[in-house]
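Structure record follows, encoded as structure tokens.
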Amino acid sequence: MLQETCRVIRLERLSADTWHLFLAAPGITARVHAGQFVMAAVGAGYDPLLRRPFSVHFAEGDDLILYFRVVGKGTEMLASLHPGDRLSLLGPLGKGFKLTEGLAILVGGGIGIAPLLLLAKELADGNNPAAAIILAGRTKAEVTPLAASFQPWTKNLIFATDDGSFGIRGRADEAVASLPPMPGAVVYTCGPQPMLRAIAHFCRDHKMKCQVSVESAMACGMGACLGCARPAARPAEGGGYVHVCLDGPVFDAEALPWD
Amino acid sequence: MGLTASPDLTVDIGGLTLKNPVMTASGTFGYAREFAPFMDLSRLGAIIVKGISLKPRPGNPPPRIVEIACGMLNAIGLENVGVERFIADKMPYLRRLDTPVIVNVLGETVEEYGEIARRLSGVPGVAALEVNISCPNVQKGGVAFGSDPAAAAKVTATAKKNCALPVMVKLSPNVTDIAAIAKAVEDAGADSISLINTLLAMAVDINSRRPKLANVMGGLSGPAIKPIAVRMVYQASRAVKIPVIGIGGVTTADDALEFIIAGASAVQLGTASFRDAAAAAKVLDGIDGWLRQQGIASVAGLIGSLRLD
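Line order of the protein sequences matches chains A and B.
Each residue of the first sequence is one higher than the last, beginning at 2 in the numbering used here.
Each residue of the second sequence is one higher than the last, beginning at 3 in the numbering used here.
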């Protein structure tokens, strides 16, 4: 874990509100595993004050890529960076995906697609390339710009859109349910809470292992503020919560309550 | 032109001499070990660890934090491992550091404050207690004691009676007359006071029309509260003879110096450590640099040096 002053290589606008940010971050890139995150200090002033958490989208060589959606002031500032600008990242943080034996199914919804590209690469590097990757979004315009970067890592790239404008019409969890049975498969997923809930239930019902990456507001990203608490499925003695920054952001689905 | 010799950074905070006036505020620095990758922890004037209660506390339901302009609200609810696990699991690391460890303590009753003080007294490596009578985010204890001079005095006297350690009492800004509380705590035997804890605050999501914190209200911290904190440190330091420790939005060396000139013997960094994990070390370097630049030989001479003429 380190605080690294990174150089902005370039920004790519992918859709109306989604971006790829390419950074030179040799220190973090050398250490990061799929599913881990960084805290980015956006701007130099006091507003925004806190760093913002982002899953690492991809890392190779010295380069680190973030995939983000503009949702507020901090991400607006991120989207207005220029090549050569500096950005302080704290990371890599948290527990990422545990690469497990068995067919791998990757399911991302919306900006929750972010951690899956590095995971797809790590699985392929480990000779277990993803049996299927499902990328779900609202519209064709949102998901198609991601096709090229995911294509090399699987033979089965599936799209799902809310409006049916591209791929399967419906949510990511409906796309999972439409897959042929894959005994012993492991589902790795990240996305909005209702989608994660549906996938967790599906996996429980079909006796599939499931790892979910969840998000939370957090101030420090490293276990000092305890702001990112989330109820635990099986509370330990004296504590009913897990912390997304230290215990996650990736959890076994059964470690969290979904009902 | 400045001095070539190193400025004397030592300060007295009431029964305890610190090598410099930079401490880390409770609840913002974990149990210190989290920050070891970013700075030499032994450089700190003192470390104040996350508030400890007699029994473990799970804390409040989420969402627990929300950012606002130049600050944040938190309603963590004093989640902590409890005093026994703190002593067993956290102290072995902390006592190896070459810096005083001050333990922030909280009770739901006056008796609990006494009990936890007794438990920590004599634990190797514990240099002092910071008695928290100012947490706005718990149902019982906390600010319930910090908003009434008589109750604040009772907690202070009980903590003092039950341990041989210096006792710093952390005061709430959510009071009308900070001088009265400060005086009451001093009279009850406090070795020092620290202020301010967070300001009771609230934020609303206009679309859902719900509070942004599950706890409805929370404590405001960060640069947004600094001028209030400086004002209250000024008022408190004029009311008491014991050292006053300034807390509230300290982010830079200039902020720390502002508190010291207003009357603080030392400062605590809180929210700043979230943005920059090495913030405390940078503040320390900045104070040292400023003193050299100004040709000031000792930081102690700067305490309360506010000019009003």
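Every residue gets a Cβ at the ideal spot worked out from N, C-alpha and C, and that includes glycine.
At least three beta-carbon pairs within less than 8 angstroms, the stretch 212-227 of chain B to the stretch 186-193 of chain B: no
What does a CB cutoff of less than 6 angstroms around B/ILE262 pick up in its chain, not counting 5 residues either side in sequence? Locating residue 262 of chain B in the second sequence gives position 260, counting from the first residue. Excluding residues within five positions, the ones whose Cβ falls inside 6 angstroms are LEU304 and ILE305.
Can you find the residues in the same chain that come closer than 6 angstroms, C-beta to C-beta, to B/THR78, ignoring five residues on each side of it along the sequence? Here residue 78 of chain B corresponds to residue number 76 of the second sequence, with the count starting at 1. A small correction: the amino acid at residue 78 of chain B is Ile; Thr does not occupy that position in the sequence shown. Here the set comprises GLY61 and ARG66.
Whole-angstrom C-beta distance between B/LEU201 and B/ILE227, which should lie under 8 angstroms: By one-based count along the second sequence, residue 227 of chain B stands at place 225. By one-based count along the second sequence, residue 201 of chain B stands at place 199. About 6 angstroms separates the two Cβ atoms, so the contact holds.
Taking DSSP's pairing of strands, which residues face A/TRP20 in a bridge? In the first sequence, residue 20 of chain A corresponds to position 19, counting from 1. For A/TRP20, which the question treats as bridged, DSSP gives the partners A/ARG14 and A/PHE69.
What are the boundary residues of the beta strand (DSSP E) that includes B/GLN270? Taking the first residue of the second sequence as position 1, residue 270 of chain B is located at position 268. Unbroken beta strand (DSSP E) run through B/GLN270: 268-271.
Helix, strand or coil for B/THR101 per DSSP? Locating residue 101 of chain B in the second sequence gives position 99, where the first residue counts as 1. Of the three classes helix, strand and coil, the one that applies to B/THR101 here is coil, per DSSP.
Determine the closest residue to A/SER217 out of B/PRO63, B/SER8, B/ASN82 and B/ALA153, with distance taken between C-alpha atoms. Numbered from its first residue, the first sequence carries residue 217 of chain A at position 216. Of B/PRO63, B/SER8, B/ASN82 and B/ALA153, the residue nearest in Cα terms is B/PRO63.
B/MET204 lies in the alpha helix (DSSP H); which residues open and close that run? Here residue 204 of chain B refers to the residue found at position 202 when the second sequence is read from its first residue. Run containing B/MET204: none in the alpha helix (DSSP H); it sits in the beta strand (DSSP E), 201-204.
Compare the C-beta of A/GLY228 against all C-beta atoms of chain B and say whether one is closer than 9 angstroms. Along the first sequence, one-based indexing puts residue 228 of chain A at 227. At least one chain B Cβ lies under 9 angstroms of A/GLY228.
Determine, using beta carbons only, whether B/ASP91 and B/VAL83 come nearer to each other than 9 angstroms. Taking the second sequence and counting its residues from 1, the one referred to as residue 91 of chain B is at position 89. Taking the second sequence and counting its residues from 1, the one referred to as residue 83 of chain B is at position 81. Yes; because the gap between Cβ atoms is below 9 angstroms, this pair is in contact.
Can you tell me the Cβ-Cβ gap for B/ASP14 and B/SER267, rounded? I've got them flagged as a contact below 8 angstroms. One-based indexing of the second sequence puts residue 14 of chain B at position 12. One-based indexing of the second sequence puts residue 267 of chain B at position 265. About 7 angstroms; that satisfies the 8 angstroms criterion.
9 angstroms Cβ cutoff met for B/VAL373 and B/VAL125: No answer is possible for residue 373 of chain B: it lies beyond the span of chain B, which begins at 3 and ends at 311.
Endpoints, alpha helix (DSSP H) assigned at B/VAL177: Translated into positions along the second sequence, residue 177 of chain B becomes position 175. Unbroken run through B/VAL177: none, as it is neither H nor E.
Would you please state the rounded distance, in angstroms, between the beta carbons of B/VAL24 and B/VAL269? I believe it to be under 8 angstroms. Within the second sequence, numbered from 1, the residue matching residue 24 of chain B stands at position 22. Within the second sequence, numbered from 1, the residue matching residue 269 of chain B stands at position 267. That belief holds up - the Cβ atoms of B/VAL24 and B/VAL269 are roughly 6 angstroms apart, short of 8 angstroms.
Spell out the partners DSSP gives A/PRO54 in its beta bridges. Residue numbering aside, residue 54 of chain A sits at position 53 when the first sequence is read from its first letter. According to DSSP, A/PRO54 bridges with A/MET40.
Measure from the C-beta of B/LYS23 to each C-beta in chain A and report whether the shortest distance is under 9 angstroms. Walking along the second sequence from the start, residue 23 of chain B turns up at place 21. Note that residue 23 of chain B is Pro in the sequence shown, not Lys. No, no contact with chain A.
Delimiting residues of the alpha helix (DSSP H) encompassing B/LEU96: In the second sequence, residue 96 of chain B corresponds to position 94, counting from 1. Its alpha helix (DSSP H) spans residues 93-96.
Can you tell me whether A/HIS244 is helix, strand or coil according to DSSP? Walking along the first sequence from the start, residue 244 of chain A turns up at place 243. In the structure shown, A/HIS244 sits in a strand (DSSP, three-state: E or B).
In the DSSP assignment, find the unbroken alpha helix (DSSP H) run with A/THR30 in it and report its ends. Counting from 1 along the first sequence, the entry for residue 30 of chain A is found at position 29. From DSSP, the alpha helix (DSSP H) with A/THR30 extends over 27-32.
Checking contacts by CB at 9 angstroms: is B/ILE78 closer than that to chain A? Here residue 78 of chain B refers to the residue found at position 76 of the second sequence. Interface residue, yes.
Delimiting residues of the beta strand (DSSP E) encompassing B/ASP311: Here residue 311 of chain B refers to the residue found at position 309 of the second sequence. That residue, B/ASP311, is in no beta strand (DSSP E); it is neither H nor E in DSSP.
When Cβ atoms are compared, which residues of the stretch 264-283 of chain B fall closer than 8 angstroms to chain A? THR273, SER275, PHE276, ARG277, ASP278, ALA279 and ALA280
contact_flag[the stretch 181-192 of chain A, the stretch 153-170 of chain A] where n(CB pairs < 8 angstroms) is 3 or more: no
By the criterion of Cβ-Cβ separation under 8 angstroms, what are the contact partners of B/VAL68 in chain A? Numbered from its first residue, the second sequence carries residue 68 of chain B at position 66. Near B/VAL68 (Cβ distances below 8 angstroms), the residues of chain A are ALA218.
Along chain B, in chain order, which residues have C-beta atoms closer than 7 angstroms to that of A/ASP48? Mapped onto the first sequence, residue 48 of chain A falls at position 47. Those within 7 angstroms of A/ASP48 in chain B are ALA71 and CYS72.
Three-way DSSP call (helix, strand, coil) for B/MET3 in this model: For this step, residue 3 of chain B is matched to residue 1 along the second sequence. With a pLDDT of 49 at B/MET3, under the threshold of 50, the predicted position of this residue should be treated as unreliable, though the coordinate-derived value follows. If DSSP states are grouped into helix, strand and coil, B/MET3 belongs with coil.
Please confirm whether any heavy atom of the ligand MN lies closer than 8 angstroms to the CB of B/THR26. This structure lacks the ligand MN, and indeed carries no ligand of any kind.
Mind listing which residues of the stretch 24-52 of chain B have their C-beta closer than 7 angstroms to chain A's C-betas, in chain order? THR30, PHE31, GLY32, GLU36, PRO39 and PHE40
Using a C-beta cutoff of 9 angstroms, does B/ALA205 count as contacting chain A? Position 203 of the second sequence, counting from 1, holds the residue named residue 205 of chain B. B/ALA205 does not count as touching chain A.
What residues of chain B sit near A/GLY249, judged by a beta carbon separation below 7 angstroms? Translated into positions along the first sequence, residue 249 of chain A becomes position 248. Near A/GLY249 there are no residues of chain B at all, since even the closest Cβ is about 13 angstroms away, more than 7 angstroms.
For a contact defined as C-beta to C-beta under 8 angstroms, what are the partners of B/GLU81 on chain A? For the purposes of this step, residue 81 of chain B is identified with residue 79 of the second sequence, where counting begins at 1. Result: LEU227, ALA230, GLY240 and TYR242.
At the level of alpha carbons, what is the spacing between B/GLY191 and B/LEU167? Here residue 191 of chain B corresponds to residue number 189 of the second sequence, with the count starting at 1. Here residue 167 of chain B corresponds to residue number 165 of the second sequence, with the count starting at 1. Roughly 12 angstroms between the two C-alpha positions.
Tell me, please, whether the stretch 72-90 of chain A touches the stretch 114-124 of chain A by the rule of three or more beta-carbon pairs shorter than 8 angstroms. no
So, are the CB atoms of A/LEU119 and A/ALA186 less than 9 angstroms apart? Counted from its first residue, the first sequence places residue 119 of chain A at position 118. Counted from its first residue, the first sequence places residue 186 of chain A at position 185. Cβ atoms of A/LEU119 and A/ALA186: not closer than 9 angstroms.
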